[in-house]
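Trainee: After the structure tokens below, expect a handful of questions from me.
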Amino acid sequence: MEASGVLAGAIVMEVLHKNNYMHWSVLVKNYLLAQDLWDAVEATAEPPKGEDQDSDDRLKTWRKKNAMALHTIQISCGPEAFSVIRDMTSAKIAWDTLAEMLTPQPLLPCNSPVQSANSSNNPGHDATVDDFPQHQPFFRGVGIGIKQRSFLPYIPMQ
């Protein structure tokens, strides 16, 4: 009988760490979908209950899919992420924990307006770009995206 072990490299190019969650999660989700295991992550964290034979079959299927999905998630994690989910028994809870812990946060809340430095909320700071004529070439260069070293000598130094 041939072993059916799966190496993390077969699932993801790089194990999960604090800076690659978005990329990692896409790869692992697609792998779980392809292996018909994603429903173990998407569904409830609780196993199905019941007393009849059909319930026993559903419980066995759920346990197997949950274990396979959890194993896939675990072997795709780096040491730090794995240490957080090591003792978990639910693929859904492990997935949700990693998502909560590692999803990058936006720099600004979506509903907070960005205000300029010369707004009415910043009295005494009414300076504009026009107040710095010596820096106009630099401002124009930045505005159009010039990032060449040859541009720097044209900025007057004071």
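First residue of the sequence shown: 114, per my numbering; consecutive thereafter.
Idealized CB from N, CA, C, for every residue including glycine.
Treat the numbers as computed from the prediction; the structure is a model and nothing was measured.
Please list the terminal residues of the continuous alpha helix (DSSP H) segment that includes PRO160.
Mentor: Run containing PRO160: none; DSSP gives neither H nor E here.
Trainee: When DSSP labels each residue in this structure, what does LEU150 get in the three-state scheme?
Mentor: coil
Trainee: Considering Cα atoms alone, identify which of LEU150, ALA207, LYS131 is closest to GLU193.
Mentor: LYS131
Trainee: Under a Cβ-count criterion, where at least 16 other Cβ atoms within 10 Å of its own Cβ denotes burial, should LEU211 be classed as buried or exposed?
Mentor: buried
Trainee: Can CYS190 and VAL128 be called in contact, C-beta distance under 7 Å?
Mentor: yes
Trainee: Let me make sure I understand the geometry here. Which of THR174, PRO246, THR216 has the alpha-carbon closest to that of VAL75?
Mentor: This structure leaves residue 75 out entirely; the chain is present only between 114 and 271.
Trainee: Based on Cα-Cα distance, which residue from MET201, GLN218, ARG171 lies nearest to ASP284?
Mentor: Beyond the ends of the chain as shown, which are 114 and 271, falls residue 284; an answer cannot be given.
Trainee: Which whole-angstrom value is the C-beta distance of TRP137 and PRO160, which I expect to be below 8 Å?
Mentor: Contact flag wrong, Cβ pair sits at about 27 Å.
Trainee: Measuring alpha carbon to alpha carbon, tell me which residue in ASP165, LEU146, VAL197 is nearest ASN179.
Mentor: Among ASP165, LEU146, VAL197, the Cα nearest to that of ASN179 belongs to LEU146.
Trainee: Taking the alpha carbon of TYR144 as the reference point, which residue from ASP167, THR185, ALA156, LYS177 has its own alpha carbon closest?
Mentor: THR185
Trainee: I need the boundaries of the alpha helix (DSSP H) containing ASN179, first residue and last residue.
Mentor: 166–188
Trainee: If you follow the alpha helix (DSSP H) that THR210 is in, where does it begin and where does it stop?
Mentor: 204–215
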